[in-house]
Amino acid sequence: MAADDLAATTTPADGSVRTVLLASPRSLCAGVERAIETVERVLAVRGAPVYVRKQIVHNVHVVADLRRRGAVFVEELDEVPDGETVVFSAHGVSPAVRAQAERKGLRVVDATCPLVTKVHVEARRFAARGDTVVLIGHAGHEEVEGTLGEAPRQSVLVQTPAEAAALEVDDPTRVSYLTQTTLAVDETSEVVEALRDRFPALSGPGSDDICYATTNRQHAVAGIAAAADLVLVVGSVNSSNSVRLVELARRQGTPAHLIDDAGGIDPGWLRGARVIGLSAGASAPHHLVEEVIAFLRGLGPLRVQEHRHTTETVRFAPPKEVRTP
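Start counting the sequence shown at 131; every next residue gets the next number (my numbering).
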């Protein structure tokens, strides 16, 4: 469809100015920025190739950019030649993976998000005192696999309130729970409540495992979804926190879609949409949001209003292997 035809079919019928409600915070969080910077530093110091186990963060654009610069993404360490450098992704790994890296003589640079590391430490602590460790999360997610690997014989994954209500353990008086860091806050609370009903002596972490960035982005989207005709979230399909933003908007009754970039926008979504909410998951680069705004501006008059939930000031130091003196 030609640009003029696209604009004619997607702008408000009365010619009014379309509004974009821009959620803030949005896009990259401190843990993701740290992970990306880690790979960039290793490439700069050691040169290509630099092996990365799994996607460093869950975003197709980030992965493609680093691949062009010499990063080699592998699914498992079997694909990494002995003695080479490997970067562990922001999502963390299990002790079994660390042991394999040591056996292969790999030079490890650990880009695990510090907030994920916190959950791993809690898993070890709860297991050491004899608890069954219930991890609330999504099966198959890399972060979940890494956390379960800390105490595989004492850990169990629960995904829904129904699963929590039906859970059987050896000692109902010794049960603790942890959560994946990228879950929806409201849905996770429902699972925790079901666990407490099932196990009244349930213990939990000293502070929430759902990370500050996930929570902030969810609150920001909640603040704009009710006022929007449509919500667009920039992020990749394997980005858990991005998917949660779409689901949150839909639970508020607002049509919402996940897009990798401006090219993923279906013109049909825009028909009749005078107010568009816009956000991005914590692994989506800022420039992708700017490109979406530029695309929408090309369709006709556009007003952009930023709605700030909070200001994020968190920064994480890079891994010790890549710190400069």
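By construction, the Cβ of each residue, glycine as well, lies at the ideal position given by its N, Cα and C atoms.
Pick from the options that is closest to residue i, judged by C-alpha positions
i    : options                   : result
G267 : G353, R259, T277 and A258 : T277
P415 : R183, V246, I166 and T149 : I166
R228 : V238, H221 and A220       : V238
G353 : P397, D338 and T440       : T440
G270 : S219, D301, R283 and L287 : L287
A174 : A356, S154, R199 and P385 : R199
A331 : D301, T247, T215 and R374 : D301
V251 : T309, C159 and P211       : T309
E275 : S366, V376 and A220       : A220
Y342 : A314, V367, V434 and L265 : A314
L375 : A403, S413, D396 and P397 : S413
V153 : A357, P397 and G394       : It is worth fixing the name first, because residue 153 is Ala in this sequence and not Val. Of A357, P397 and G394, the residue nearest in Cα terms is A357.
T290 : D316, D339 and A281       : D316
H417 : L245, Q348, R148 and R156 : R156
P225 : R254, E205 and G213       : R254
L257 : E205, S285, Q230 and N368 : In the sequence as presented, Leu is not what sits at residue 257; that position holds Ala. It is S285 whose Cα lies nearest to the Cα of A257.
G398 : D359, D390 and Q230       : D359
R445 : V210, G161 and G402       : G161
V367 : R380, A355, I389 and H349 : I389
P244 : G402, I406 and I340       : I340
Alpha-carbon to alpha-carbon, residue j and residue i
i    : j    : result
I186 : E420 : 23 Å
S372 : R438 : 18 Å
L400 : V192 : 27 Å
A137 : G428 : In this prediction, A137 has a pLDDT of 44, which is less than 50 and means its spatial position is unreliable; nothing more can be read from the coordinates.
V202 : A194 : 10 Å
L536 : E232 : No answer is possible for residue 536: it lies beyond the span of the chain, which begins at 131 and ends at 455.
V452 : L432 : 43 Å
Q382 : A447 : 37 Å
A249 : A392 : According to the sequence provided, residue 249 is Val. The question's Ala does not apply to it. The straight-line gap from Cα to Cα measures roughly 35 Å.
S306 : G222 : 21 Å
S319 : R283 : 25 Å
V322 : G279 : 21 Å
A292 : V351 : 27 Å
L158 : H387 : 19 Å
A281 : V299 : 15 Å
A324 : P335 : 17 Å
R164 : P449 : 8 Å
D396 : A410 : 17 Å
R240 : V204 : Sequence check: residue 240 is Asp here, not Arg. D240 and V204: Cα-Cα distance of roughly 15 Å.
A295 : V216 : 41 Å
A424 : G430 : 10 Å
R380 : T262 : 34 Å
Within-7 Å CB hit, residue i to chain C
i    : result
H221 : Absent here is chain C; the protein component of the structure consists of one chain.
For residue j and residue i, believed in contact at Cβ under 8 Å, the rounded distance
i    : j    : result
G260 : R304 : 6 Å
L196 : L236 : Contact doesn't hold; Cβ gap of about 18 Å is too wide.
V182 : V169 : 6 Å
E442 : N346 : 6 Å
F218 : T247 : At roughly 11 Å, the Cβ-Cβ gap does not stay under 8 Å, so F218 and T247 are not in contact.
V361 : T384 : 5 Å
L378 : V150 : Going by Cβ atoms, the distance from L378 to V150 rounds to 18 Å, so no, they are not a contact pair.
S370 : T454 : So it is not a contact: roughly 32 Å between Cβ atoms.
S146 : R404 : 7 Å
Those residues which DSSP pairs with residue i across a bridge
i    : result
L388 : V363
E436 : L152
R183 : V204 and F218
A410 : V364
R237 : T215
V405 : T149
Residue i beta carbon near the ligand GDP (any heavy atom closer than 6 Å)
i    : result
C159 : The model on display carries no ligand, and the ligand GDP is accordingly not part of it.
message: Threshold first: 4 residues or longer. Then list the alpha helix (DSSP H) segments lying entirely within the stretch 245-281, N to C.
response: With a minimum length of 4 residues, the continuous alpha helix (DSSP H) runs that stay inside the stretch 245-281 are 272-278.
- request: Only counting runs of 3 or more residues, tell me where the beta strand (DSSP E) segments fall wholly within the stretch 279-363, in order along the chain.
  value: The qualifying runs are 285-288 and 305-309.
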